[in-house]
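A.B. asks: Mind having a look at this structure? Questions to follow.
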Amino acid sequence: MALGCLWLVWRQLGDTPWRALPAGLRDIGAAELSLALVCVALSFAAVGRYDALFHRHFDTGLSPRRARYSGTVAIALSQTLGFGVLTGALARQRLLPQLGALGALRLSACVAGSFLLAWGWITALACLALPAPGWTTLPALAVLTGLPVIAGFAAFGPRLTLPTLMRWLPGVPSLPATGAILLWAALDLAAAGMVLYLMLPQDAVALTAFLPVFLLAYGAGLLSGAPGGVGPFELMLLGLLPDVPQGDLVAAVMGYRALYYALPAVLGALALLHPPACREERRAVPTDPPMPGAELGLLRQNGGQVAALAGGPAALWPTPQALVVLPGGAPLTGAALNDLRRRARGGNRIATLYKCTASEAARARAAGWQVMRIAREALLNPQTFDLDSPARRGLRRKLRQAAKAGVQVQRAEVLPLSEMAALDACWQRRNGRARGGTMGRFCPRYVAGQQVFLAWQGEQLVGFVTFHAGPHDMALDLTRLSAQAPQGTMQSLVAAALAQARAQGLSRLSLAAVPDFPALNHPLLAPLRGRVLDRAGAAGLIRFKSAFAPSWSPRYAAAPGRAGLALALADIAREVHHPYALRHGNLFHEQDEEYELAPRRAA
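First residue of the sequence shown: 247, per the numbering used here; consecutive thereafter.
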């Protein structure tokens with residue numbers, strides 16, 4: 247393809263422009279040459295940022311400086327040699343042998359693919375905003391609107407099962423990372439375009455008319471895979487800039503190739519001949535802080551971990567767009583918020599607090615974060631809980647109904663996993679797929695690490711609840727009832743858990759939170775508020791938990807900036823409503839000797 251394009255260029259030019267080439271090159275002034283070199287430096291300073299972004303995305307642990315250096319050298323060579331993914335991978339492996347061949351190839355493919363998409367969107371924007379050939383309008387509109395829709399679907403749509411060959415990718419970059427890729431690509435392309443523009447005679451073409459043409463020609467060369475895009479690049483320029491004298495245009499292209507391709511390639515080759523010593527990067531040493539809160543048990547399922555933030559233990563849950571602190575850790579200080587922002591930035595994510603306390607929300611607001619009330623948590627003190635109080639009259643009635651129906655509740659010593667799995671499956675058929683993320687889902691390995699209470703009616707299991715258990719508290723997690731469960735069964739299960747917590751000397755039992763959005767109380771937002779609360783089943787949750795007359799504690803979400811908070815909450819909602827499939831699923835036939843199956847009621 248490149249040879250064919252070069253032949254067409256030669257046929258179009260003839261001999262005249264080549265005879266004028268020396269004079270055209272001599273006409274490039276020292277000022278233009280100096281500015282062009284500055285633009286080359288700016289462009290390559292930007293391209294190194296792509297690698298830094300993807301090193302964070304892949305969590306390689308490489309320092310940003312080394313990531314930028316290796317990326318700059320690899321791109322300087324690959325854009326000149328052609329076959330960018332392969333040559334870039336070879337250069338990266340030479341500079342960073344610890345990546346291995348597959349790691350270098352994966353990184354090279356992601357950098358090339360993301361840049362190609364960024365080029366397409368930026369070119370479409372330029373063709374619509376600046377004077378451009380008329381035939382570009384419809385394709386530009388399609389690209390300009392289509393790519394954001396695809397990115398939004400990838401970020402917030404239902405999860406799709408990837409083909410086997412694509413599962414080596416850890417997911418698309420976060421939207422903050424995507425925005426950064428667009429920013430650095432725009433700087434890179436603008437600087438590259440200015441290098442060529444400065445090589446042209448003054449007033450040969452307006453800058454606004456030149457930039458769309460340059461971007462189109464650059465893309466033609468990029469898609470060809472030819473070394474430096476030679477052939478398609480020149481052919482596109484000659485066809486779209488007919489008013490520029492051909493001799494001047496050829497001279498400008500030669501100067502552009504010398505500065506933007508040959509010079510960086512020579513420097514890159516020298517760097518490749520003498521790669522820096524491969525030093526072991528220092529990763530943060532994992533800490534094993536105590537687990538102060540029962541809610542931290544959720545991390546065993548959602549992929550989170552307990553980590554130290556400014557010395558205090560915190561529940562960190564990474565989602566595609568955010569690094570979320572969940573309840574259960576030590577109270578967050580101002581230093582912990584700063585540490586969280588640093589960690590989130592290192593993973594291309596948004597620092598987020600979810601269901602934090604009022605005092606933590608106040609610290610976040612003082613630090614300039616955007617704060618929003620999202621829930622109320624129902625809290626009980628088992629040591630002072632009085633079933634005979636007037637406020638719990640309705641609860642006593644429900645407990646009597648369950649007892650009259652013959653419901654017996656016990657703390658499980660041996661888990662009847664097969665019956666629990668069947669009950670969970672029936673519950674999901676009635677209520678829809680179980681939610682995840684901030685809520686637990688039934689899995690034998692998961693519930694085996696919880697306190698479980700079972701409700702029996704004769705020999706039939708009619709319900710169960712699970713609680714996260716900490717050294718000082720318990721927190722409600724799974725609640726499952728059969729369709730035949732008598733009235734009051736769930737209340738009886740929670741009452742049994744309260745009695746157990748009192749016997750263990752615990753002073754705090756959480757019935758979990760219910761949605762609460764004062765920000766949606768405006769009359770104009772009433773329809774949205776109604777849909778949100780109905781989808782969450784808020785009315786039933788509030789009615790059930792209010793029967794225990796708990797103390798209600800407000801819970802908040804916080805993130806730096808309104809846009810960041812909105813993006814983080816949308817991402818959390820996706821993780822809740824469209825969670826990843828459980829790795830071990832509910833296949834209780836895969837259990838090892840750690841788990842017993844009790845097909846009948848355990849004594």
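No residue lacks a Cβ here, since even glycine has one placed at the ideal position from N, Cα and C.
These numbers were taken from a predicted model, which means no experiment stands behind them.
#1: Using three-state DSSP, classify L487 as helix, strand or coil.
#2: Taking just the CA atoms, how far does T725 sit from M736?
#3: Identify whether L724 lies in helix, strand or coil by the three-state DSSP scheme.
#4: Which residue's Cα is closest to the Cα of V698: A671, Y802, G734 and Q746?
#5: Quick one: Cα of G682 to Cα of V441, how far?
#6: Among all the DSSP beta bridges, which residues are the ones paired with Y802?
#7: Is it true that the CB of T603 sits closer than 8 Å to the CB of A814?
#8: Since S289 and A438 are thought to touch, with beta carbons under 8 Å apart, how far apart are those beta carbons, to the nearest angstrom?
#9: Rounded to whole angstroms, how far is the Cβ of L739 from the Cβ of A624, which I believe are closer than 8 Å?
#10: So is N677 buried or exposed if we call it buried at 16+ other beta carbons inside 10 Å?
#11: When you compare each of F329, L353 and T333 to R295 by their alpha carbons, which one comes out closest?
#12: Report, in whole angstroms, the separation of the C-beta atoms of A337 and L518, which I expect to be a contact under 8 Å.
#13: Work out the CA separation of A785 and E554 for me, nearest whole Å.
#14: Under 6 Å Cβ to Cβ from T382, same chain only, skipping five residues before and after it: list those, please.
#15: What would DSSP say about V531, mapped onto helix, strand or coil?
#16: For the stretch 495-511 against the stretch 442-453, are there 3 or more C-beta pairs whose distance is under 8 Å?
#17: Residue range of the beta strand (DSSP E) that Q703 falls in?
#18: Find out if the Cβ-Cβ distance for the pair L332, W367 is shorter than 8 Å.
#19: When the Cβ atoms of the stretch 475-482 are set against those of the stretch 309-324, are three or more pairs found closer than 8 Å?
#20: Name the two residues that bound the continuous alpha helix (DSSP H) containing S324.
#21: Please state the DSSP three-state secondary structure of P343.
#22: Between which two residues does the alpha helix (DSSP H) holding L583 run?
#23: How many Å lie between P535 and P690 at the Cα?
#24: Suppose the cutoff is 6 Å on Cβ atoms and the five residues either side in sequence are ignored; what does the same chain contact list for A282 look like?
#25: Considering only the alpha carbon of each residue, which of M500, A292, P806 and V284 lies closest to N584?
#26: Consult DSSP for V708 and reduce its assignment to one of helix, strand or coil.
#27: Can you grab the Cα-Cα spacing for the pair A450 / Y502, in whole Å?
#28: If you draw a straight line from the alpha carbon of A378 to that of S316, how long is it in whole angstroms?
#29: Which same chain residues end up closer than 6 Å to P825 when comparing Cβ atoms and leaving out the 5 residues on each side of it in sequence?
#30: How long is the line joining the alpha carbons of P394 and N627, rounded to whole angstroms?
#31: Measure the C-alpha to C-alpha separation of W798 and N767 and round it to an integer number of angstroms.
#32: Just how far apart, CA to CA, sit A649 and L707?
#33: Taking C-beta to C-beta, are G330 and A358 nearer than 8 Å?
#34: Determine whether the beta carbon atoms of G558 and A590 lie at a separation below 8 Å.
#35: Compute the distance between the beta-carbons of L428 and A370, then report whether it is under 8 Å.
#36: Give me the Cα-Cα distance between M482 and R588, rounded to the nearest whole angstrom.
C.D. replies: According to the structure data:
#1: Reading the sequence shown from its first residue, position 241 is the one you call residue 487. Coil.
#2: Counted from its first residue, the sequence shown places residue 736 at position 490. Counted from its first residue, the sequence shown places residue 725 at position 479. Taking the straight line from one Cα to the other gives about 8 Å.
#3: In the sequence shown, counting from the first residue as 1, residue 724 sits at position 478. Three-state result, L724: strand.
#4: The residue given as residue 698 occupies position 452 in the sequence shown. Selected option, being the one with the closest Cα: Q746.
#5: In the sequence shown, residue 682 corresponds to position 436, counting from 1. In the sequence shown, residue 441 corresponds to position 195, counting from 1. If you take the alpha carbons of G682 and V441, they lie about 52 Å apart.
#6: Position 556 of the sequence shown, counted from the start, is the residue given in the question as residue 802. For Y802, which the question treats as bridged, DSSP gives the partners C602 and R619.
#7: Mapped onto the sequence shown, residue 814 falls at position 568. Mapped onto the sequence shown, residue 603 falls at position 357. The answer is no: Cβ separation not under 8 Å.
#8: Within the sequence shown, residue 289 is the residue found at index 43, counting from 1. Within the sequence shown, residue 438 is the residue found at index 192, counting from 1. Indeed, because the Cβ distance is near 5 Å, the residues count as touching under 8 Å.
#9: The residue given as residue 739 occupies position 493 in the sequence shown. The residue given as residue 624 occupies position 378 in the sequence shown. Going by Cβ atoms, the distance from L739 to A624 rounds to 15 Å, so no, they are not a contact pair.
#10: The residue given as residue 677 occupies position 431 in the sequence shown. Looking at its Cβ environment, which holds fewer than 16 other Cβ atoms inside 10 Å, N677 is exposed.
#11: The sequence position of residue 295 within the sequence shown is 49, counting from 1. The shortest C-alpha separation from R295 is found at L353.
#12: Within the sequence shown, numbered from 1, the residue matching residue 337 stands at position 91. Within the sequence shown, numbered from 1, the residue matching residue 518 stands at position 272. The Cβ separation is near 6 Å, so the contact holds.
#13: Position 308 of the sequence shown holds residue 554. Position 539 of the sequence shown holds residue 785. Before going further, note that residue 554 is Ala rather than Glu in the sequence given. If I take the Cα positions, the gap works out to 37 Å.
#14: Here residue 382 is taken as the residue at index 136 of the sequence shown, counted from 1. The residues are C373.
#15: By one-based count along the sequence shown, residue 531 stands at place 285. Note on V531: pLDDT 46, under 50, position unreliable in the model; no value is reported.
#16: yes
#17: The residue labelled residue 703 in the question sits at position 457 within the sequence shown. Element bounds for Q703: Q697 to Q703.
#18: Reading the sequence shown from its first residue, position 86 is the one you call residue 332. Reading the sequence shown from its first residue, position 121 is the one you call residue 367. No, they are not a contact pair.
#19: no
#20: The residue given as residue 324 occupies position 78 in the sequence shown. It spans P310 to L327 - the alpha helix (DSSP H) in which S324 sits, taken as one unbroken run.
#21: Counting from 1 along the sequence shown, the entry for residue 343 is found at position 97. Three-state DSSP puts P343 in a helix.
#22: Here residue 583 is taken as the residue at index 337 of the sequence shown, counted from 1. From DSSP, the alpha helix (DSSP H) with L583 extends over G580 to G592.
#23: The count along the sequence shown starts at 1 and reaches residue 535 at position 289. The count along the sequence shown starts at 1 and reaches residue 690 at position 444. Here P535 scores only 48 on pLDDT, less than 50, and its place in the model should not be relied on; the value that follows carries that caveat. Cα to Cα, the separation comes out at about 26 Å.
#24: The count along the sequence shown starts at 1 and reaches residue 282 at position 36. So the qualifying residues of the chain are V441, L444 and L505.
#25: Along the sequence shown, one-based indexing puts residue 584 at 338. It is P806.
#26: Taking the sequence shown and counting its residues from 1, the one referred to as residue 708 is at position 462. Three-state result, V708: strand.
#27: Taking the first residue of the sequence shown as 1, we reach residue 450 at position 204. Taking the first residue of the sequence shown as 1, we reach residue 502 at position 256. Looking at the two C-alpha atoms, the distance is approximately 16 Å.
#28: Numbered from its first residue, the sequence shown carries residue 378 at position 132. Numbered from its first residue, the sequence shown carries residue 316 at position 70. If I take the Cα positions, the gap works out to 36 Å.
#29: Position 579 of the sequence shown, counted from the start, is the residue given in the question as residue 825. So the qualifying residues of the chain are G682 and G683.
#30: Here residue 394 refers to the residue found at position 148 when the sequence shown is read from its first residue. Here residue 627 refers to the residue found at position 381 when the sequence shown is read from its first residue. C-alpha separation (whole angstroms): 49 Å.
#31: As a first step, residue 798 must be located in the sequence shown, where it is residue number 552. As a first step, residue 767 must be located in the sequence shown, where it is residue number 521. Approximately 19 Å, taken between the alpha carbons.
#32: Locating residue 649 in the sequence shown gives position 403, where the first residue counts as 1. Locating residue 707 in the sequence shown gives position 461, where the first residue counts as 1. Cα to Cα, the separation comes out at about 15 Å.
#33: Working through the sequence shown from its first residue, we reach residue 330 at position 84. Working through the sequence shown from its first residue, we reach residue 358 at position 112. Their beta carbons are under 8 Å apart, which means G330 touches A358 by this criterion.
#34: As a working note, residue 558 is residue 312 in the sequence shown. As a working note, residue 590 is residue 344 in the sequence shown. The answer is no: Cβ separation not under 8 Å.
#35: Position 182 of the sequence shown, counted from the start, is the residue given in the question as residue 428. Position 124 of the sequence shown, counted from the start, is the residue given in the question as residue 370. No, they are not a contact pair.
#36: Here residue 482 corresponds to residue number 236 of the sequence shown, with the count starting at 1. Here residue 588 corresponds to residue number 342 of the sequence shown, with the count starting at 1. Roughly 45 Å separates the two Cα atoms.
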